[in-house]
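Below you'll find the structure, written out as structure tokens, and then a few comments.
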Amino acid sequence: MGAVFMCGFPFSRLSPAERPQPLAAPVSLADWANGQPVYASHIVAARERALTEADLATARWGWTVRDSQSGYNAPREFFSMLANRPAVAQIVGPLLNPRGVVDAIRLDTIDVGAIDAYAFQLMAMHEPDMIVPLRIVATTKPAPFPLLVAARQQSPDIVDALRAVLLNAHQDRQGSDILASLGLLAFAEPDVAAYDQLPARARAIDSALGTW
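Heads up: the sequence shown is residues 92 to 303, going by my numbering.
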């Protein structure tokens, strides 16, 4: 396989000697990206629930997996900044992925959960029925977008070719059309320094909340 998507948080926890080779980071067409290779998480609830941001401190929160930025660290960071939060959150997890969060809300197992804003965008584009029962209550702080990477063992020629194709995809009509079908404006050079900040953000959340 030439390239795969990798969440920025596990990427950031690897030493430079262990990391796969970064290729490109997506830039979403959505407003929350602001033309940058960043994403966020939407805090979602059932559409019929009259929850406001003020109610989130006492809500039942769902999380996906502990090595996820969008499904674990982002909602915990958001929760840690709530002015009226209790010492201990009501939490349910692991729910594994965005579909698990959607199902848990539908089954009333949780009140709110975090869904990767890009995953939410793709569901709105291609599986709108999935998000019809949901509404966005809030959106978390941005983080660097999951990046496309190649194996460390991949040859430099192939890595350079993959990187060039991705970074230039928006410059011709066919590439732009493919990107648009994915809800993307372009691919950008990954800012490795931005990913390197994620472990410190996670440690600050751990200090404030402990482990969910």
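Every residue gets a Cβ at the ideal spot worked out from N, C-alpha and C, and that includes glycine.
- Query: How would you label M172, buried or exposed, when you count the other beta carbons within 10 angstroms and need 16 or more for buried?
  - Reply: exposed
- Query: In terms of residue numbering, what span does the alpha helix (DSSP H) encompassing I201 cover?
  - Reply: Taken as a continuous stretch (DSSP letters only), I201 belongs to no alpha helix (DSSP H), as it is neither H nor E.
- Query: Once you ignore the five residues that flank R190 on each side, which residues in its own chain have a CB closer than 8 Å to its CB?
  - Reply: M221
- Assuming R138 contacts R226 under a Cβ cut-off of 8 Å, what Cβ separation, rounded to an integer in Å, is found between them? 5 Å
- Please confirm whether V118 and P128 have their CB atoms less than 8 Å apart. yes
- Do you know offhand how far F100's Cα is from A141's? 33 Å
- Item | Residue span of the beta strand (DSSP E) that contains A241, given as start and end | L238 to A241
- Query: Of all the CB atoms in chain B, is at least one closer than 8 Å to the CB of R292?
  - Reply: This model lacks chain B altogether; it includes just one protein chain.
- Query: Enumerated in chain order, which unbroken segments of the alpha helix (DSSP H) with a length of 4 residues or greater are wholly contained in the segment 96 to 145?
  - Reply: 99 to 104
- Query: How many whole angstroms separate the CB atoms of S103 and Y286, which I take to be in contact at a CB cut-off of 8 Å?
  - Reply: 4 Å
- Query: How close, in whole Å, do the beta carbons of E168 and R294 come, if the pair is a contact with beta carbons under 8 Å?
  - Reply: Not confirmed; about 11 Å, so no contact.
- Message: Just to confirm before moving on: does the CB-CB distance between I206 and W303 stay below 8 Å?
- Response: no
- Message: Check whether the segment 259 to 266 and the segment 199 to 216 are in contact - that is, three or more C-beta pairs closer than 8 Å.
- Response: no
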